[in-house]
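This note's numbering numbers the first residue of the sequence shown as 313 and each following residue consecutively. C-beta: ideal position from N, C-alpha, C; glycine also. Everything numeric in this text was worked out from a predicted model, so none of it was measured.
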Amino acid sequence: MGPTEVHISGMVVLTRPESLQAVKEDIERLPGVEVHGESETGKLVVVLESDRQTYITDTIETIRNFEHVLSAALVYHQIEPLDSQETDLL
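In structure tokens:
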């Protein structure tokens, strides 16, 4: 049996402005992770998507441990059953 739900999370990552591009590139190398916004002050808005909650929590910890990351905070987490998404598409 395959996955039954999808986890969608949003987080804010803070770095020094001079390290923004390097941190952004590190984050974008992770599967299921996208940078959706950035500011010149060193803030990144990041969205994570997976069929496992453990992947979300592990990825947040990975990002927190990247060089030059000052903080990484989860600000949103939603769990959707896959069957409800299929219904929404009809």
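How far does the alpha helix (DSSP H) with residue 369 in it reach, from first residue to last?
From DSSP, the alpha helix (DSSP H) with residue 369 extends over 365-376.
On a CA-only basis, which of 394, 324 and 362 is nearest residue 347? Give me that one, please.
For residue 347, the nearest C-alpha among the options comes from 324.
Please return the same chain residues whose Cβ sits closer than 8 angstroms to the Cβ of residue 328, not counting the five positions on each side in sequence.
Answer for residue 328: 354, 380 and 382, listed in chain order.
Does the Cβ-Cβ distance between residue 315 and residue 394 come in under 8 angstroms?
Yes.
Determine which residues share a DSSP beta bridge with residue 393 and list them.
DSSP output for residue 393 lists 317 as bridge partner(s).
What three-state label does DSSP hand residue 356 in the structure shown?
Residue 356: strand per DSSP, three-state reduction.
Could you check the C-alpha separation between residue 369 and residue 356 for me, to the nearest Å?
Spanning the two alpha carbons is a distance of roughly 18 angstroms.
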